[in-house]
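**Student:**
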Amino acid sequence: MSVVKVNIPHAVDFIKNDEDILPENKDLIFKFQRYLEIAGYSDNRIYKYLSTLRILAKHMEVPFDKATKEDVENLVLWSDRRRKISDTTKLHYRIMLKAFYKWIHNGEIAPGLEYPECAKFIKVSEKNNKKKLPKDMLTVKDIKKLLVAAVSPRDKAFIAMLWETGARIEEIMNLTIGDLEDHKYGMKMVVNGKTGARRLMLVESVPYINSWLSSHPRRHEKQAPLWVNVGVKNNGKAVKYEAMRKMLWETGKRAGINKPINPYNFRHSRATYMANYFTEAQMCEWFGWVQGSDIPARYVHLSGRDIDNAYARMYGIKEKEDEEGPKVEFIKCPRCGYDNASTFKFCGRCGMALDLQAALEAEDRDKQVGINIVEVLKDPEIARELTELLIKKVLEKHPEMVKKLS
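Numbering follows our numbering, with no gaps: position 96 of the sequence shown is 96.
This is how it looks when you write it as structure tokens:
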């Protein structure tokens with residue numbers, strides 16, 4: 001079952017119980033939801049519409065279908081002036097609001113239909129001067145910092161997979177253990193997106209995924225969600241998108257990265273990065289875009305691949321391999337031969353320290369544990385209780401010793 005699909009009833013309940021939304025607008029939103037379902041829109045898309053329209057409806061003081069152009073302008077201005085959301089999210093709000101008004105005006109949102117006068121002004125395309133160069137894009141160095149800062153095998157695997165695949169967040173969240181399969185170069189996974197199912201090869205994220213799978217609460221169930229809760233509460237149940245989004249933000253804060261650490265920026269940054277190596281047709285295949293789409297061209301522009309190479313050739317400079325090129329860095333365990341990720345301090349298979357610093361840290365920890373035990377045993381009461389417990393355990397394992405002690 002889709003992770004997002006599970007959340008649709010929650011989105012509906014939020015709208016029903018929100019006292020800030022006019023009853024007329026609740027009714028319109030639910031009728032629009034019914035239209036989307038009949039028209040065959042995906043659960044993910046319907047959920048996004050419900051979530052977005054709920055936020056907008058809370059700030060609409062009149063019924064949507066009775067609003068004037070000024071009412072809609074005020075709503076768009078409020079959305080555009082919000083500081084805690086990205087420009088991309090603001091654009092998505094505009095797109096969904098305008099589509100909603102097309103449905104209100106026509107009963108459907110098919111291409112070519114007119115918009116009502118109150119919504120015609122809403123611009124839904126990015127301005128050229130808004131297209132930023134990659135100053136906020138995540139780099140390979142940023143990803144390594146995030147992997148070091150992540151606190152659990154699950155979080156490390158999630159970050160590594162999100163980066164290597166550049167997949168849409170719903171494609172990642174909806175994975176099951178059975179969607180992963182071994183491959184001669186690493187792993188392959190099957191994702192379902194807007195253009196249907198596709199297979200993606202995994203290489204650099206494999207050690208992190210294997211580490212997570214070895215501790216996954218339901219690792220023997222092929223149909224189990226790949227991403228589950230690992231705490232005491234809801235252990236083994238599918239983790240919510242909001243929780244993983246929060247995890248990314250907190251990990252970025254610990255890593256000291258002052259860039260947007262969200263699923264969209266992972267995809268955006270990875271596509272820009274891979275534009276240096278893939279053709280536009282390969283970009284469409286990998287990222288799940290329709291063949292012939294103009295989207296890859298935008299990422300080629302952002303990567304600067306063509307113009308940088310052409311300018312270098314003009315001066316007779318040979319192309320050099322990118323310092324952050326797609327080099328897979330594994331640390332082979334000297335004991336068992338397992339290929340560990342470059343950020344691992346201990347072998348993911350046998351636990352051996354992979355460098356001198358890790359070995360010294362482990363030795364210091366062991367010494368500290370010994371010192372702590374000695375300090376604790378100085379307390380007579382604790383020493384007596386531990387002795388009694390030890391004797392009890394020994395006698396349970398070796399009952400024949402009872403006669404010898406009596």
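Ideal placement from N, C-alpha and C gives every residue a C-beta, glycine not left out.
Treat the numbers as computed from the prediction; the structure is a model and nothing was measured.
Using CA coordinates, which residue listed in Val203, Gly178, Arg199 is at the minimum distance from Tyr185?
**Tutor:** Of Val203, Gly178, Arg199, the residue nearest in Cα terms is Val203.
**Student:** Just grab the DSSP bridge partners of Asp331 for me.
**Tutor:** Reading off the sequence shown, one finds Ile at residue 331, where the question assumed Asp. In the DSSP output, where bridge partners are listed per residue, Ile331 has Asn340.
**Student:** Buried or exposed: which applies to Ser205, given that a residue is buried once 16 or more other Cβ atoms fall within 10 Å of its Cβ?
**Tutor:** buried
**Student:** Closer than 8 Å by C-beta to Ala275: which residues in its own chain qualify, once you throw out the five before and the five after it? Chain order, please.
**Tutor:** Met283, Pro296, Tyr299, Val300, Leu302, Ser303, Arg305
**Student:** Could you check whether Met96 and Leu75 sit closer than 8 Å to each other, using their CB atoms as the reference points?
**Tutor:** At a Cβ-Cβ threshold of 8 Å, Leu75 and Met96 do not count as neighbours.
**Student:** Taking DSSP as the reference, what is the three-state secondary structure of Asn17?
**Tutor:** helix
**Student:** Consult DSSP for Glu181 and reduce its assignment to one of helix, strand or coil.
**Tutor:** strand
**Student:** Sort Glu164, Cys118, Tyr241, Asp155 by Cα distance to Glu73 and report the nearest one.
**Tutor:** Cys118
**Student:** Gln223: buried (16+ other C-beta within 10 angstroms of its C-beta) or exposed?
**Tutor:** exposed
**Student:** Could you spell out the range, first to last residue, of the beta strand (DSSP E) harbouring Asn192?
**Tutor:** 186-193
**Student:** Whole-angstrom Cβ separation of Pro263 and Ile169, contact assumed at under 8 Å?
**Tutor:** 4 Å
**Student:** Measure the CB-CB distance between Asn7 and Pro63 and report whether it falls below 8 Å.
**Tutor:** No, they are not a contact pair.
**Student:** Quick one: any contact between the segment 184-198 and the segment 138-154, if contact means 3 or more CB pairs under 8 Å?
**Tutor:** no
**Student:** To the nearest angstrom, report how far apart Lys120 and Lys98 are at their CA atoms.
**Tutor:** 8 Å
**Student:** Answer yes or no: do Leu113 and Lys123 have a C-beta to C-beta separation smaller than 8 Å?
**Tutor:** no
**Student:** How would you call Ala157, buried or exposed, if buried means at least 16 neighbouring beta carbons within 10 angstroms?
**Tutor:** buried
**Student:** Which residues does DSSP list as the beta-bridge partners of Thr176?
**Tutor:** Pro225
**Student:** Between Pro83 and Gly166, how many whole angstroms is the CB-CB distance? I'm expecting something under 8 Å.
**Tutor:** For clarity, residue 83 is Arg in the given sequence; the question names Pro instead. With 8 Å as the limit, Arg83 and Gly166 do not qualify as a contact, their Cβ atoms being about 27 Å apart.
**Student:** If you draw a straight line from the C-alpha of Ile85 to the C-alpha of Leu138, how long is it?
**Tutor:** Ile85 and Leu138 have their C-alpha atoms roughly 18 Å apart.
**Student:** Select from Lys58, Asp43, Glu396 the residue whose C-alpha is nearest the C-alpha of Asp20.
**Tutor:** Minimum Cα distance to Asp20 is reached at Lys58.
**Student:** With distances taken from CA atoms, which of Trp286, His10, Asn258, Asp142 is nearest Ala160?
**Tutor:** Shortest Cα-Cα distance from Ala160 to any of Trp286, His10, Asn258, Asp142 involves Asp142.
**Student:** How many Å lie between Tyr49 and Val12 at the Cα?
**Tutor:** 11 Å
**Student:** Start and end of the alpha helix (DSSP H) containing Met244?
**Tutor:** 241-255
**Student:** Taking the CB atoms as reference points, tell me whether Arg219 and Ile172 lie closer together than 8 Å.
**Tutor:** no
**Student:** Could you give the DSSP three-state label for Arg198: helix, strand or coil?
**Tutor:** Strand.
**Student:** Can you list, in chain order, the residues of its chain with a C-beta nearer than 7 Å to that of Arg270? Leave out the 5 residues immediately preceding and following it.
**Tutor:** Trp163, Gly166
**Student:** Ala157 by DSSP, collapsed to three states: which one?
**Tutor:** helix
**Student:** If you check the beta carbons only, do Asp155 and Thr251 fall under 8 Å apart?
**Tutor:** yes
**Student:** With H, G and I counted as helix, E and B as strand and the rest as coil, what does DSSP make of Ala458?
**Tutor:** Residue coverage of the chain in this structure runs from 1 to 406, which leaves residue 458 outside it and unanswerable.
**Student:** For Pro116, collect the residues of the same chain with a Cβ closer than 6 Å to its Cβ; drop the 5 residues on either side in sequence, then sort them by chain order.
**Tutor:** Tyr101, His105
**Student:** Grab me the residues of Trp249's own chain with a C-beta within less than 7 Å of its C-beta, minus the 5 sequence neighbours each way, in chain order.
**Tutor:** Ile261
**Student:** Among residues of its own chain, excluding the 5 on either side of Ile209, which ones have a beta-carbon nearer than 8 Å to its beta-carbon?
**Tutor:** These residues qualify, in order along the chain: Ala157, Ala160, Met161, Leu180, Met187, Leu202.
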